[in-house]
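Okay, so here's the structure we're looking at.
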Amino acid sequence: GTSSRTLAWNLPPGAVPAPSLPPELLQTRTARPFAFAFNTSDYRILLVDQDQDRLYLGARDYLVALDLHNVNKEPLIIHWPASQSQQSACHMAGKGQRDECFNYVRLVEPVNRTHLYVCGTGAWQPVCAMVHRGWRSEVRGRGVRALTPAPPQEYLFRMVPRSLEPGKGRCPYDPRQSSLATLVNGTLYAGLHVDFMGTDAAIFRTRGPRAAVRTEQHDSRWLYDPVFLRAHVVPDSSERSDDKLYFFFRERALEGAVGPGVLARVGRVCLNDDGGQRALVSKWTTFLKAQLVCSVMGEDGVETFFDELRDIFLLPTQDEKNPRVYGLFSTLGSVFQGSAVCVYPLSAIRSVFNGPFAHKEGRSYQWVPYTGRVPYPRPGACPGGVFTPGLGSTREFPDELVTFVRSHPLMYDPVYPAPRRPLLVRAGLPYSFTTLAVDLAQAADGRYEVLFLGTDRGTVQKVVVLPKDPGVREELTLEEVEVFKVRGPAPGAQHQLYVSSDVGLTQLSLHRCGAYGPACADCCLARDPYCAWDGRRCARYSPAPARRVRRQDIKHGDPLRQCRGFNAQAEQQLVEQVQFGVEGGSVFLECRAPSPHAQVRWLRHPEGGARRLVSDYPPPSHSPPKGDSGGSPHCAGGCMEGLTPSVSLCLPAAPGAGPAADAPGGPAGPGDTGGRGPVPVRGHRKRLHPLSAPSAAARPAPRPAGGLPAPRLPGRPRRSQPGGPELPPPELTGGAEAGARGSDPMGGHRQGGEFVSHSKGDPGANPVLGRGQGGALPGACVSFPCT
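Everything in the sequence shown is counted per full-length UniProt numbering, starting at 1 for the first residue and increasing by one.
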């Protein structure tokens, strides 16, 4: 975990992202989009090769190699369309209504340092080939073929002539079906549907020195309509003969209507399995599977299960035999919607495979642990391993063992996460998590797990896991970045995250320290283990001893202890901005908190006087009388007692008639609503020029107390807490009569002499409209610090 981490994932099929990144993300120079002008789609990251600094994308009719350091560099391209005969046969078979009759590249695996093995759907006729790893492309200029061929001595990125071969059992027919594949010592292991109709799902071993084997055909006890996700080879002991392939998938439950419709599974087979001699010929004789459980117990004692496995990530540890398995789950059905991340030590999975087998006497019986005699060697053991040193092949297994494996592939005990509860839970969200990547970030006070969660709306959330109490950890959302704009549901020495979608790819830096703000407190409050204050700016943290001590506090986020002396420096560097308003009208004062954990406060700062807190979160309401010279409003943000300035505004007011002074009832005290309902507030567009006061005739009619709701500002939905329900829009209250309310030209809505504050007070909150304090006075300069 580390300085050499490269993370990559694919957004789910069906998501329709926009081809460009948000401007604010591009301005930080921490993201690079990639999409070329070919008539193609469905980009998928198939291989990240850190040895040669390459990232390989499969797309419709194209194979693309990109530079890991900068995906905008000239790509290496192979055009690999389906032949005319393949496309004609595809259309004759009734396909093609949804663009299936193309060659979608779905597999790229390294054979050696000079060649790749690639496969595509071939318009429903899977095909595979060998590819030279070259440094020049036969296709140039993002879609423009080179006018002159490359010199003969130059190594080209191209197909090996006469290397095409059928891809059945290696690549799916249907480009929409999920599949998994990995090449181990020249042998390909794949999980996919192997027939044209998509009814025969299997785990295959093909292409290598060993005999081809697969799972039992049309036996729901082995596989029941599975969706394959990931596969990883993990050693089980010091003996290489014990190496096993662990694969993760979800499938329909054997229990049918009795239990959930879909269950998460982990399965495994021995790499040296050659099938049986008389039974299970050319079939796996070491195949076993178990259920993965991810659930949370409610306060009412009801356990909620997250049964739909969406993604898997294996994080290596110092012990190569025991990586940590991170699973991303979601709930089924529409009554309760949520997502969760559960963590399983591989030792816990291995322990379940050494436990009791599931047994069922008949169709109307319940599953029970098998209590009979278990054959020797134990089902699932590899020949020539630690426990079977005298066996050279699975074909030497006794018939009793092979028969038992055929009827008892399922383990009785499920695999529970450590420590028996999810690492992260999100509920009641208008989106779902689809992909997961994990990194271990080194900070000044230790190493922290950082989760990168992709959503079906095209965003990436960065979440850090913090130790809280012994055996208890809490998660903290650091930021959410819009990588693609989705219209419907649907890291290397480079230290990067690569996200692909239907129409492009984005290269995103794992650390975006400059986005947290220019102050030390901003950096500290962010609690991002990738970032620290270096005395001048928030920059990437480096544990190298040669660097001077950097200020960082991930566990507590306390800027008072870490940033003494730096807050005053930040205030001196402020550049004043001028924003005009109408005397007696309302002005929208935007106060953006770079860190989602900062608290925003509004202060009144009389000239030569001390700042006085007049509004906290949630802010109270107060309307001073017209002509009040008590000073102008200030916005300040901080953690606990620390306030860090980042914005200074000057608010000269254009002359105008304001209704606040003459409104019946006069000013209201803090929190006084005058017995009237809430007044909605509309958004604004910031304009830095004087505004004319509207005449009495031009003013709109009074708006009822239950008028238009406050719209969403750009960013995330506001929530009461991470994962909590969405809060209703904040409201404005004040002491003026309903008939005195008016609409100002800036798009805000005023009551009395109030102004609108802008705050962000919790990790998942969006900047929201809150209650304000006092009106801006003619020529008054408002200096408000905010974090």
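For glycine and all other residues, C-beta sits at the position ideal for the given N, C-alpha and C.
So is residue i buried or exposed if we call it buried at 16+ other beta carbons inside 10 Å?
i	result
Y246	buried
W135	exposed
R205	buried
G677	For G677, the predicted structure reports a pLDDT of 38, less than 50, and the residue's modelled location is therefore unreliable. A value from the coordinates is still provided. Flag for G677 reads exposed.
R457	buried
S137	buried
E400	exposed
P430	exposed
Output the distance between the C-alpha atoms of residue i and residue j, rounded to the nearest integer angstrom.
i	j	result
Q318	R447	14 Å
Y370	F287	17 Å
R162	V184	23 Å
A661	S586	Bear in mind that a pLDDT of 38 at A661, under 50, signals an unreliable position, so the model cannot answer this.
G191	I203	4 Å
M92	P126	17 Å
V472	Q442	20 Å
H408	V415	17 Å
S500	Y155	28 Å
C523	G535	11 Å
V64	M130	14 Å
R44	E320	28 Å
T434	L332	14 Å
A181	P559	48 Å
Y365	V194	32 Å
E474	Y326	16 Å
A253	L328	19 Å
G390	F397	11 Å
D42	Q86	20 Å
Below 8 Å CB to CB, which residues in the same chain sit around residue i once its five sequence neighbours on both sides are set aside?
i	result
R265	P226, F248, F249, R250, E251, K289, A290, Q291, L292 and L309
V111	Y117, M130, L183 and G186
G418	The sequence shown places Ala at residue 418, rather than the Gly named in the question. Here the set comprises V343, Y344, P345 and A348.
T40	A59, R60, D61 and Y62
V160	H115, A129, M130, V131 and H132
Going along the chain, which residues of its own chain have a beta-carbon closer than 6 Å to the beta-carbon of residue i, five neighbours each way excluded?
i	result
T388	P377 and A381
L423	V341 and V343
T109	Per the sequence presented here, residue 109 reads as Glu, with Thr not at that position. Here the set comprises Y117 and L183.
D413	V352 and G355
V368	H359
G666	Only weak support exists for where G666 lies, its pLDDT of 42 falling under 50; the value from the coordinates is given anyway. Taken in chain order, the list of residues that qualify is empty.
D236	D242 and K244
A539	C513
V269	L245, W284, T286 and F287
Starting from the Cα of residue i, find the closest Cα among the options and give me that residue.
i	options	result
Y104	T114, S179 and H69	S179
R240	S83, G384, L440 and K555	G384
W222	L188, R406 and I349	R406
V386	V425, D242 and R512	D242
Y173	M159, F157 and D200	D200
H511	D528, A519 and Q552	D528
R324	A181, S509, P75 and V234	V234
residue 822	Y189, P166 and G198	With the chain covering 1 to 787 only, the question about residue 822 has no answer from this structure.
Q84	H193, R98, L410 and D61	D61
R420	S295, S41, P559 and C119	S295
Q507	Q86, D42 and D67	D67
P467	H556, L346 and P75	H556
P209	N272, V160 and Q50	N272
S432	A418, T455, M411 and T285	T455
F38	V578, V503 and G581	V503
D439	S330, L391, C119 and V450	V450
T403	E216, E479 and P81	E216
L47	T40, Y56 and S41	Y56
Y530	D300, D553, K168 and A211	D553
L164	F157, Q177, F196 and G122	G122
T394	T304, P316, Q277 and E299	Q277
Determine whether the Cβ of residue i lies closer than 8 Å to any Cβ atom of chain D.
i	result
R106	Absent here is chain D; the protein component of the structure consists of one chain.
At a cut-off of 7 Å, is residue i close to the ligand PLP when judged by its beta-carbon and the heavy atoms of the ligand?
i	result
D534	The ligand PLP is not part of the structure shown, which contains no ligands of any sort.
Leaving aside the five residues before and after residue i along the sequence, list all residues of the same chain whose C-beta is less than 7 Å from its C-beta, in chain order.
i	result
N70	R32
P543	Q442
V425	V296, G338, A340 and G723
Item to check | Secondary structure, alpha helix (DSSP H): runs of 4+ residues fully inside the segment 82 to 110 | outcome: 84 to 92
Item to check | beta strand (DSSP E) runs contained entirely in the segment 29 to 85, provided each spans 3 or more residues | outcome: 31 to 34, 44 to 49, 54 to 59, 62 to 67 and 76 to 79
Checklist entry - What are the complete beta strand (DSSP E) segments, minimum 3 residues, inside the segment 321 to 361? => result 324 to 330 and 338 to 345
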